[in-house]
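Data block below; observations after.
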Amino acid sequence: MLNRLLSTGAAGQLGSMLREKLRGRAAILRLSDVADLGEAREGEELVPCDLSDGDAVMRLVEGCDGIVHLGGISVEKSFDLIEAANLRGVHNLYEAARAHGQPRIVFASSNHTIGYHSQTARLDHGAPYRPDGYCGVSKIFGEAVASL
1 MLNRLLSTGA
11 AGQLGSMLRE
21 KLRGRAAILR
31 LSDVADLGEA
41 REGEELVPCD
51 LSDGDAVMRL
61 VEGCDGIVHL
71 GGISVEKSFD
81 LIEAANLRGV
91 HNLYEAARAH
101 GQPRIVFASS
111 NHTIGYHSQT
121 ARLDHGAPYR
131 PDGYCGVSKI
141 FGEAVASL
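First residue of the sequence shown: 1, per full-length UniProt numbering; consecutive thereafter.
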């Protein structure tokens, strides 16, 4: 069992659904988001954090044995918003994990990375990227950074 598991984007749709499932996977579940996380339950730590703030992310990751990264913007928005949350945010998270010696990160990508394929095309994990907007481009960036 992990000592401390970090879940970013914990107030979002997927993060909220996984909150119950992740509790018990570690002694402490550290939940983070820029949005309100509600009240901490037994075995939880609530740590508000803007992933575009590198120093805050460095503190957020400290002491964690694993990271489930769900934070960021999951729909098409302006480039400036996506750059801060998805590009700078994922960079900061991976740099903090590297600095703290943490190799275990689950990164949630998106169908937006291959969104411009025909709806009838049969796709698998090797399908070439065809992003359908800045959100898709940012997820491709996240996948690439994970491979460094």
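By construction, the Cβ of each residue, glycine as well, lies at the ideal position given by its N, Cα and C atoms. Predicted, not measured: the structure shown is a model, and the values here were computed from it.
Exposure label - residue i; buried when at least 16 CB within 10 Å
i: Arg122; result: exposed
i: residue 150; result: The question about residue 150 has no answer, for the chain in this structure spans 1 to 148.
i: Leu148; result: exposed
i: Thr8; result: buried
Nearest residue (CA-CA) to residue i, options the options
i: Leu18; options: Leu148, Gly63, His69; result: His69
i: Arg88; options: Asp65, Gly12, Gly101, Gly72; result: Gly72
i: Ala40; options: Asp55, Ala56, Arg23; result: Arg23
i: Leu46; options: Glu143, Gly115, Gly136, Ala11; result: Ala11
i: Pro131; options: Arg104, Glu76, Ser147, His100; result: Glu76
i: Ser78; options: Glu42, Gly133, Leu51; result: Gly133
i: Ala84; options: Glu20, Gly142, Gly126; result: Gly142
i: Arg98; options: Pro48, Gly126, Gln13, Val57; result: Val57
Rounded distance between the beta-carbons of residue j and residue i, thought under 8 Å
i: Leu60; j: Glu44; result: That pair is no contact at about 14 Å.
i: Thr113; j: Tyr129; result: 5 Å
i: Arg104; j: Ile67; result: 7 Å
i: Leu5; j: Leu37; result: Wrong, their Cβ atoms sit about 15 Å apart, outside the cutoff.
i: Ala26; j: Met1; result: 6 Å
Residues bridged to residue i [DSSP beta-bridge criterion]
i: Ile67; result: Leu6, Ile105
i: Arg30; result: Leu6, Glu45
Residue i Cβ short of 8 Å to the ligand NAP heavy atom set
i: Cys135; result: Among the components of this structure there are no ligands whatsoever, and the ligand NAP is therefore not found.
Check whether residue i and residue j have beta carbons under 9 Å apart
i: Asp53; j: Asn86; result: no
i: Gln102; j: Ala96; result: yes
i: His100; j: Cys135; result: no
i: Val145; j: Val90; result: yes
i: Asn74; j: Ser110; result: Contrary to the premise, residue 74 reads as Ser rather than Asn in this sequence. In this structure, Ser110 lies closer than 9 Å to Ser74 by Cβ.
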